[in-house]
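Undergrad:
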Amino acid sequence: MEAALSTGPAAHASPRMEQVTYDDRIVRWFVYATMVWGAVGMLVGLIIALQIAWWPANVHEVLTFGRLRPLHTNAVIFAFAGNAIFAAIYYSSQRLLKTRMFSDILSQAHFWGWQGIIVSAAITLPLGYSQSKEYAELEWPIDIAIAVVWVVFAINFFGAIARRREKHLYVAIWFYIATIITVAVLHIFNSLVIPAGVLKSYSVYAGVQDALVQWWYGHNAVAFFLTTPFLGLMYYFPPKAANRPVFSYKLSIIHFGSLVFIYIWAGPHHLHYTALPEWASTLGMVFSVMLWMPSWGGMLNGLLTLRGAWGKLRDDAVLKFFVVGITFYGMSTFEGPMLSVKSVNALSHYTDWTIAHVHSGALGWNGFMTFGMVYWLVPKLWKTEMWSKKLANAHFWLGTIGIIVYVMAMYSAGVAQGLMWRAFDETGRLAYPDFVETVAELIPMYWVRVVGGTLYLAGTLLGVLNLVMSVVKSKAKLSDETVSVTAREVVMGGAEAIPLPRGGVKYDDVLNKVHAQSHGNIHRMLEGWGGVFTVLVLVGILVGSIAEIVPMILVKSNIPTIASVQPYTPLELEGRDLYIREGCNNCHSQMIRPMRHEVERYGEYGKPGEYVYEHPFLWGSKRTGPDLAREGVGKLRKSHTWHVRHFENPRAVNEKSIMPAYGWLLERDLDMSHTQQKLRAMITLGVPYTEAQVESAVSDAEKQSASIAAEIEAEGGPAGLANKEVVAMIAYLQRLGVDLDREMKLGAEASAQSEVAP
Amino acid sequence: MMRDVMQNAGLEIFAEVGLLIFFGVFLALMVRALMMRRGEVEEVSQLPLQEPEPQHGEVR
Chain V
142 MEAALSTGPA
152 AHASPRMEQV
162 TYDDRIVRWF
172 VYATMVWGAV
182 GMLVGLIIAL
192 QIAWWPANVH
202 EVLTFGRLRP
212 LHTNAVIFAF
222 AGNAIFAAIY
232 YSSQRLLKTR
242 MFSDILSQAH
252 FWGWQGIIVS
262 AAITLPLGYS
272 QSKEYAELEW
282 PIDIAIAVVW
292 VVFAINFFGA
302 IARRREKHLY
312 VAIWFYIATI
322 ITVAVLHIFN
332 SLVIPAGVLK
342 SYSVYAGVQD
352 ALVQWWYGHN
362 AVAFFLTTPF
372 LGLMYYFPPK
382 AANRPVFSYK
392 LSIIHFGSLV
402 FIYIWAGPHH
412 LHYTALPEWA
422 STLGMVFSVM
432 LWMPSWGGML
442 NGLLTLRGAW
452 GKLRDDAVLK
462 FFVVGITFYG
472 MSTFEGPMLS
482 VKSVNALSHY
492 TDWTIAHVHS
502 GALGWNGFMT
512 FGMVYWLVPK
522 LWKTEMWSKK
532 LANAHFWLGT
542 IGIIVYVMAM
552 YSAGVAQGLM
562 WRAFDETGRL
572 AYPDFVETVA
582 ELIPMYWVRV
592 VGGTLYLAGT
602 LLGVLNLVMS
612 VVKSKAKLSD
622 ETVSVTAREV
632 VMGGAEAIPL
642 PRGGVKYDDV
652 LNKVHAQSHG
662 NIHRMLEGWG
672 GVFTVLVLVG
682 ILVGSIAEIV
692 PMILVKSNIP
702 TIASVQPYTP
712 LELEGRDLYI
722 REGCNNCHSQ
732 MIRPMRHEVE
742 RYGEYGKPGE
752 YVYEHPFLWG
762 SKRTGPDLAR
772 EGVGKLRKSH
782 TWHVRHFENP
792 RAVNEKSIMP
802 AYGWLLERDL
812 DMSHTQQKLR
822 AMITLGVPYT
832 EAQVESAVSD
842 AEKQSASIAA
852 EIEAEGGPAG
862 LANKEVVAMI
872 AYLQRLGVDL
882 DREMKLGAEA
892 SAQSEVAP
Chain X
-11 MMRDVMQNAG
-1 LEIFAEVGLL
9 IFFGVFLALM
19 VRALMMRRGE
29 VEEVSQLPLQ
39 EPEPQHGEVR
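So the sequence lines, in the order shown, correspond to chains V and X.
Note that the first sequence covers residues 142 to 899 in the numbering used here.
Note that the second sequence covers residues -11 to 48 in the numbering used here.
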């Protein structure tokens, strides 16, 4: 700053000062929201953990696992972690930029808009309004609201950068910039849909492409919603709590650059051994392994920042949370690259190992960094001591033990199930041919998970109590902090400091001005200019995204079409939408990997051409129940009546099943008021339905439904099911795998004929 | 099958170019970080710790 003064001819003798009042009220609001939604989201998590251990906990249609699981993930990611990062960003950015946020109205619009989105998610998801894509389940009107609120947030944040009184953008700010830019790009491109009703839409992508875009989004939501903003938090709050600067600022620069650039490539590791092309899969794996290095660089930087403050660890709950939080960051960023290696993934994918991995990250890293920040902020924001330090320590220990119990149970469950799926006996047959046997084995582990989750939630509730009591006991009048800082035009070396000569601007003058602004140092100019820096970040993440996704879009016409793959009938399409409404894809995959044990258990492995009309794709990521991709063919095909009985009471046909009963499917009439609209939306997406098919959609569906209902009655099943929801669901399930099977039988006949022919 | 399609489409270049861009950016970043002056590093890393003390509370 002093250098800036001396370079300008109109330098002041002593820097002019300005008063800045920070907006702390908005930070307090976000802190409240963080703790309240945290408790709610974790409670929903506990309920769904219980539902897996003990199926009768699925007490009502809107409270089944399939509907609550998206609510849990959305609540803990976007409500708990989301409000936490907004609290962190609003508190630290104002201080690092030495300015109030750009606009109080925007701050409030951001806060209330975000809470409104959370409430609408809490209403629509249990009611079954879902796009089915993980962590992006919310329907299109809510997606638009998210985009609008995010833009409000971005204007508020970049406006503050533009008005700052500090030339340097501290590394935490870089991480926040990367977060805001990338989340916007991810959200927009993954949410592109064609609406087919007020709360119904179909993804514009199909099958392989949809899967790739979804996991580009899903993985980078972890990166840019659960990692980069928390790293910004890590570079600000732990140094404040330990009263020491970051261990190595240079390392933080390398950490930032390499993390942002590498992360964006790693998404395809979620799709190993699927119908995704191998090059994309390998690319995802290689970049995931590379990601280990910057992640650990960051972890060591965080931990070493706290060196010399270890003595405080004994009784300071804030530092305890930070140390364990950063340690869990290290553990889960080692585990992530390991799981992305194809041979490890072959065992771990679809099992609870993934669940263990995400919870060591979410509970350990996101949860503990949030709690550390909140315990540090309470005395500052409410001008009071923490109500009970003992309670804060109890929270820490309950949380830590809870995480360990949780992840140990899920590691055991995941590895055990993965090994059971692939086990063959000495005669060369599957050792556990009945899928449910591999589930029944895990029930004790699921109960242990319930215990771990209860401990963690209990800790969180202690935290809520501690916050509430601290606020209640605080006698201080709440106020916004006012500080005196060097005036903006002095700090930023504006026009006042370096006036341009009258009578035309000369080339040399412009050069001098640029030189003065950059202090003769080009990188400082880049980092000093928030806009330029933001564009560079955008380019960085787009390079990775384009290299991954463009080839997929280019090869659309090259995806081998399978002649027998036809669009669904109107009734099957309605059945598929019921499958999405009930969240079946949360427990059942539809993607058989090319491995001997999978083909043996389920049938022919998945081909890219099978999924060309799948808007959205329904491959799933976890098998709590068996894969359903070949449910309608071969040895897996069951009678219609079997399905009716199974939906009415899964235990009636499969004693050990943990699936909820879906009795309402047998009672409720299928709503076909949007069937034509749905077909038209599909036509827009390139699915080859004809106008005649659209016209006769409802009568066709009724005809097919009546025929299936008649078969059920003939088989000795219940009568009068025509036009009930269950029939549409059965029509869909009986269609799964049929098209490919037909193609393969034709192929087999053709080759048999060519062998006979001379 | 899919592999054949991808090879015929000649799109491996995307992965290769991407990798080159990454290494270019990474090298530039390393050079830039290692060439930072010590005084500047000190100044920036002290930013969170050198916040001005609040003067007075403004009641809201």
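Virtual Cβ for every residue (Gly too), placed ideally from N, Cα, C.
Just so you know, these numbers come straight off a predicted model, no measurement behind them.
Just to make sure I have the definition right: I need the residues of chain V whose C-beta is within less than 8 Å of the C-beta of L35 of chain X. Which are they?
TA: The residue you call residue 35 of chain X lines up with position 47 of the second sequence. Per Cβ cutoff of 8 Å: L237, E307, H309 and Y311.
Undergrad: So that I know if they touch, is there some Cβ in chain V lying closer than 8 Å to that of L15 of chain X?
TA: Walking along the second sequence from the start, residue 15 of chain X turns up at place 27. L15 of chain X does not count as touching chain V.
Undergrad: Could you check whether the Cβ of T623 of chain V sits closer than 8 Å to any Cβ belonging to chain X?
TA: Here residue 623 of chain V corresponds to residue number 482 of the first sequence, with the count starting at 1. With 8 Å as the cut-off, T623 of chain V counts as an interface residue toward chain X.
Undergrad: So, is the C-beta of V684 of chain V closer than 8 Å to a C-beta in chain X?
TA: In the first sequence, counting from the first residue as 1, residue 684 of chain V sits at position 543. Yes - at least one Cβ of chain X is within 8 Å of the one on V684 of chain V.
Undergrad: For a contact defined as C-beta to C-beta under 8 Å, what are the partners of L22 of chain X on chain V?
TA: Start at 1 with the first residue of the second sequence, and residue 22 of chain X comes out as number 34. Those within 8 Å of L22 of chain X in chain V are K391.
Undergrad: Using 8 Å for Cβ pairs, my map puts P156 of chain V next to A628 of chain V. What's the rounded Cβ distance?
TA: The residue given as residue 156 of chain V occupies position 15 in the first sequence. The residue given as residue 628 of chain V occupies position 487 in the first sequence. Contact holds; Cβ gap of about 7 Å.
Undergrad: So which of V:V465, V:A303 and V:A407 has the shortest CA-CA distance to F82 of chain V?
TA: Chain V is shown from 142 up to 899; residue 82 of chain V falls before or after that span and cannot be answered.
Undergrad: Whole angstroms are fine: how far does the CA of V19 of chain X sit from the CA of I395 of chain V?
TA: Stepping through the first sequence from its first residue, residue 395 of chain V is reached at position 254. Stepping through the second sequence from its first residue, residue 19 of chain X is reached at position 31. So the alpha carbons of these two residues sit roughly 10 Å apart.
Undergrad: Return helix, strand or coil for D165 of chain V, following the three-state DSSP convention.
TA: As a working note, residue 165 of chain V is residue 24 in the first sequence. D165 of chain V falls in the coil class under three-state DSSP.
Undergrad: Flag this pair as yes or no: are the beta carbons of K308 of chain V and M732 of chain V separated by less than 8 Å?
TA: Locating residue 308 of chain V in the first sequence gives position 167, counting from the first residue. Locating residue 732 of chain V in the first sequence gives position 591, counting from the first residue. No, these two residues do not count as a Cβ contact at 8 Å.
Undergrad: Does the Cβ-Cβ distance between P757 of chain V and Q272 of chain V come in under 8 Å?
TA: On the first sequence, residue 757 of chain V is found 616 positions in, with the first residue counted as 1. On the first sequence, residue 272 of chain V is found 131 positions in, with the first residue counted as 1. Yes; because the gap between Cβ atoms is below 8 Å, this pair is in contact.
Undergrad: Using a C-beta cutoff of 8 Å, does F316 of chain V count as contacting chain X?
TA: By one-based count along the first sequence, residue 316 of chain V stands at place 175. No, its Cβ sits nowhere closer than 8 Å to a Cβ of chain X.
Undergrad: In terms of residue numbering, what span does the beta strand (DSSP E) encompassing D621 of chain V cover?
TA: For the purposes of this step, residue 621 of chain V is identified with residue 480 of the first sequence, where counting begins at 1. Here the beta strand (DSSP E) through D621 of chain V covers S620 to T627.
Undergrad: Do you know offhand how far N486 of chain V's Cα is from P409 of chain V's?
TA: The residue you call residue 486 of chain V lines up with position 345 of the first sequence. The residue you call residue 409 of chain V lines up with position 268 of the first sequence. Distance between the alpha carbons of N486 of chain V and P409 of chain V: 12 Å.
Undergrad: Mapping DSSP to helix, strand and coil, what is M158 of chain V?
TA: On the first sequence, position 17 is the one that residue 158 of chain V refers to. Of the three classes helix, strand and coil, the one that applies to M158 of chain V here is strand, per DSSP.
Undergrad: Less than 8 Å between the C-beta atoms of G269 of chain V and R208 of chain V, yes or no?
TA: Position 128 of the first sequence, counting from 1, holds the residue named residue 269 of chain V. Position 67 of the first sequence, counting from 1, holds the residue named residue 208 of chain V. Yes, the pair counts as a contact, with Cβ atoms nearer than the cut-off.
Undergrad: Comparing the C-beta of P380 of chain V with each C-beta of chain X, is any distance below 8 Å?
TA: Along the first sequence, one-based indexing puts residue 380 of chain V at 239. It does: the Cβ of P380 of chain V has a partner Cβ on chain X nearer than 8 Å.
Undergrad: Rounded to whole angstroms, what's the CA-CA distance from G438 of chain V to V345 of chain V? Just pull it up for me.
TA: Numbered from its first residue, the first sequence carries residue 438 of chain V at position 297. Numbered from its first residue, the first sequence carries residue 345 of chain V at position 204. So the two alpha carbons sit approximately 39 Å from each other.
Undergrad: Where E715 of chain V and T825 of chain V are concerned, what is the direct C-alpha to C-alpha distance, given to the nearest angstrom?
TA: Taking the first sequence and counting its residues from 1, the one referred to as residue 715 of chain V is at position 574. Taking the first sequence and counting its residues from 1, the one referred to as residue 825 of chain V is at position 684. Their backbone Cα atoms lie some 18 Å apart in a straight line.
Undergrad: Going by DSSP, what residues sit across from S342 of chain V in a beta bridge?
TA: Here the question's residue 342 of chain V lines up with position 201 in the first sequence. Answer by DSSP bridge pairing, in chain order: V:P336.
Undergrad: In angstroms, rounded to a whole number, what distance separates the CA positions of D457 of chain V and E28 of chain X?
TA: Residue numbering aside, residue 457 of chain V sits at position 316 when the first sequence is read from its first letter. Residue numbering aside, residue 28 of chain X sits at position 40 when the second sequence is read from its first letter. Rounded to the nearest angstrom, the two C-alpha atoms are 32 Å apart.
Undergrad: Using a C-beta to C-beta distance shorter than 8 Å, which residues of chain X count as neighbours of V626 of chain V?
TA: Position 485 of the first sequence, counted from the start, is the residue given in the question as residue 626 of chain V. Within chain X, the residues near V626 of chain V are P40.
Undergrad: Would you say V203 of chain V lies against chain X (beta-carbon separation less than 8 Å)?
TA: Sequence index remark: in the first sequence, residue 203 of chain V carries index 62 (1-based). False, the Cβ-Cβ gap to chain X never drops below 8 Å.
Undergrad: Give the range of the alpha helix (DSSP H) segment to which L247 of chain V is assigned.
TA: For the purposes of this step, residue 247 of chain V is taken as the residue at position 106 of the first sequence. From DSSP, the alpha helix (DSSP H) with L247 of chain V extends over D245 to T265.
Undergrad: Strictly under 8 Å for the Cβ-Cβ distance: is N384 of chain V near chain X by that measure?
TA: By 1-based counting over the first sequence, the position of residue 384 of chain V is 243. Interface residue, yes.
Undergrad: Does DSSP put K616 of chain V in a helix, in a strand, or in coil?
TA: Here residue 616 of chain V is taken as the residue at index 475 of the first sequence, counted from 1. Note: K616 of chain V maps to coil in three-state DSSP.
Undergrad: Of all the alpha helix (DSSP H) runs that stay within the bounds of the stretch 436 to 515 of chain V, which reach a length of 4 or more residues?
TA: Segments of the alpha helix (DSSP H) lying fully in the stretch 436 to 515 of chain V: 458 to 481, 483 to 489 and 493 to 500.
Undergrad: Examine chain X for any beta-carbon lying closer than 8 Å to the beta-carbon of F402 of chain V, and answer yes or no.
TA: As a working note, residue 402 of chain V is residue 261 in the first sequence. Yes, its Cβ sits closer than 8 Å to a Cβ of chain X.
Undergrad: By the three-class DSSP mapping on this structure, what secondary structure does G661 of chain V have?
TA: Taking the first residue of the first sequence as 1, we reach residue 661 of chain V at position 520. Reliability fails at G661 of chain V, whose pLDDT of 45 lies under 50, so the model's placement of it is uncertain and the value that follows must be treated cautiously. If DSSP states are grouped into helix, strand and coil, G661 of chain V belongs with coil.
Undergrad: What whole-angstrom Cβ distance do Y317 of chain V and F330 of chain V have, given they're in contact under 8 Å?
TA: Position 176 of the first sequence, counted from the start, is the residue given in the question as residue 317 of chain V. Position 189 of the first sequence, counted from the start, is the residue given in the question as residue 330 of chain V. Actually they do not touch by this definition, with Cβ atoms about 21 Å apart.
Undergrad: Helix or strand or just coil, what does DSSP make of K531 of chain V?
TA: If you number the first sequence from 1, residue 531 of chain V lands on position 390. Here K531 of chain V sits in helix by DSSP.
Undergrad: Pick out the complete alpha helix (DSSP H) segments inside the stretch 177 to 216 of chain V, 4 residues or longer, and give them in chain order.
TA: Counting whole runs of 4 or more residues, the stretch 177 to 216 of chain V contains the alpha helix (DSSP H) stretches 206 to 215.
Undergrad: Per DSSP, which one or two residues make a beta bridge with F565 of chain V?
TA: Taking the first residue of the first sequence as 1, we reach residue 565 of chain V at position 424. Looking at the DSSP assignment, F565 of chain V forms a beta bridge with V:L571.
Undergrad: Please classify K239 of chain V: does DSSP put it in a helix, a strand, or coil?
TA: Reading the first sequence from its first residue, position 98 is the one you call residue 239 of chain V. The answer is coil: DSSP assigns K239 of chain V none of H, G, I, E or B.
Undergrad: In the structure shown, what three-state DSSP assignment does D810 of chain V receive?
TA: The residue you call residue 810 of chain V lines up with position 669 of the first sequence. Reduced to three states, the DSSP call for D810 of chain V is strand.
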